[in-house]
Amino acid sequence: MVIRRGGRQDVRFLRDMLHHAYYWRERQPGEGPGPVALYVKGWGRAGDTALIAIEDGFPVGAAWYRLFRRDHPGYGFVDEETPELAIAVVPSRRGRGIGDALLNALYERAKADGHQAVSLAAERGNEPLVSYYERKHGFTRAREDGEESVTMRREL
4 MVIRRGGRQD VRFLRDMLHH AYYWRERQPG EGPGPVALYV KGWGRAGDTA
54 LIAIEDGFPV GAAWYRLFRR DHPGYGFVDE ETPELAIAVV PSRRGRGIGD
104 ALLNALYERA KADGHQAVSL AAERGNEPLV SYYERKHGFT RAREDGEESV
154 TMRREL
């Protein structure tokens, strides 16, 4: 597996990955990325950073981050200096360490870009994933929004 920087040419793949992340429970996902489209809409603005995992010449996963403003926050918004990340791996390639490799590479990229921390939002109903981010990746719970999501933060 190779991890490369993503660019504007990868927007369609990022959108597909966002779709997989958003519809993680469903065997047949709904149409479009739904309300989380803000994580890829207008991709390529200052601070947008993506990494793409490639196996056998094909993209199999992506991790990316973007900065949000207080007046237009993402679901895992902490502050205007902390980029919020998103990650997904194609279903047929899950459980092989691709996600871990992408996250670790993204932490290094964020640190090199001068960020002190990253954040993410995890669906509250996906407690195994929340525990995984805490245990394996050092995230802490920053905020819990009712029954919707858990905002998590990781120092770099």
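Numbers in the numbering used here are just positions in the sequence shown, counted from 1, shifted up by 3. Cβ atoms here follow ideal geometry from the backbone N, Cα and C, with glycine treated the same way. As the structure is a computational prediction, the values presented were derived from the model and not from experiment.
Non-local beta-carbon contacts of ARG112 in its own chain, meaning distances under 7 Å to residues more than five positions away in sequence, involve THR52 and LEU54 in chain order. Closest by C-alpha distance to PRO86, out of ALA24, ASP103, ARG156 and GLY10, is ARG156. Residue pairing by DSSP leaves ASP116 without any beta bridge partner.
With a 10 Å radius around the Cβ and a threshold of 16 neighbouring Cβ atoms, ARG15 comes out exposed. If you draw a 10 Å sphere on the C-beta of ILE57, you find fewer than 16 other C-beta atoms in it, and that means exposed. Membership of MET20 in the alpha helix (DSSP H) is indicated by the continuous run 14-25. GLY9 and ASP59 have their C-alpha atoms some 17 Å from each other.
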